[in-house]
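Numbering that gives the first Met the number 0 numbers the first residue of the sequence shown as 0 and each following residue consecutively. Report on the structure given below.
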Amino acid sequence: MAPGHLFALEPEPIDWEYYRKGIGSRLVDMYKQAYDEVKIPKYVDNVTPQYKPKFDALLVELKEAEESSLKESERLEKEIAEVQELKKKLSTMTADEYFEKHPELKKKFDDEIRNDYWGY
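Put into structure tokens, the structure is as follows:
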């Protein structure tokens, strides 16, 4: 429950008859009259309507950022797993196995060799 709604709750009614039996009706009537004369103003929330749309928009933005972050984390975890796998295999991997995983590099090297470009 929002803090503003706490002020909107009505107090529990007082059992005046219970107190009349124990204390006496004259004193209880005096307190009841004083109690009835107390007027507590109703709480009117003017702030929440101003900020609720902004807050709701921030919640949507937060949810989108969370989803994006989770997708990026998932992608990075896959990339880390691939790098760790590559690290394990690197000492025994052949060039053909490496180029099988990275065909763009094989094409680049083949083009350089075909064009007689040896890097100097």
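Every residue, glycine too, gets a C-beta built ideally from N, C-alpha and C. Since this is a predicted model, take the numbers as computed values, not measurements.
For Ser-72, the three-state DSSP class (helix, strand or coil): In this structure, Ser-72 counts as helix in the three-state DSSP scheme.
Distance CB(Phe-98)-CB(Leu-89) smaller than 9 Å: no
Other residues of its chain near Phe-54: CB distance less than 8 Å, five sequence neighbours each side excluded: none
Where Gly-23 sits in the DSSP three-state scheme: coil
Proximity of Ile-13 and Lys-41 at Cβ, strictly below 9 Å: no
Backbone CA spacing between Asn-45 and Glu-63 [nearest angstrom]: 29 Å
Host alpha helix (DSSP H) of Pro-102 (start-end): 102-113
Simplified DSSP state of Lys-51, which is helix, strand or coil: helix
For Tyr-116, three-class secondary structure by DSSP: coil
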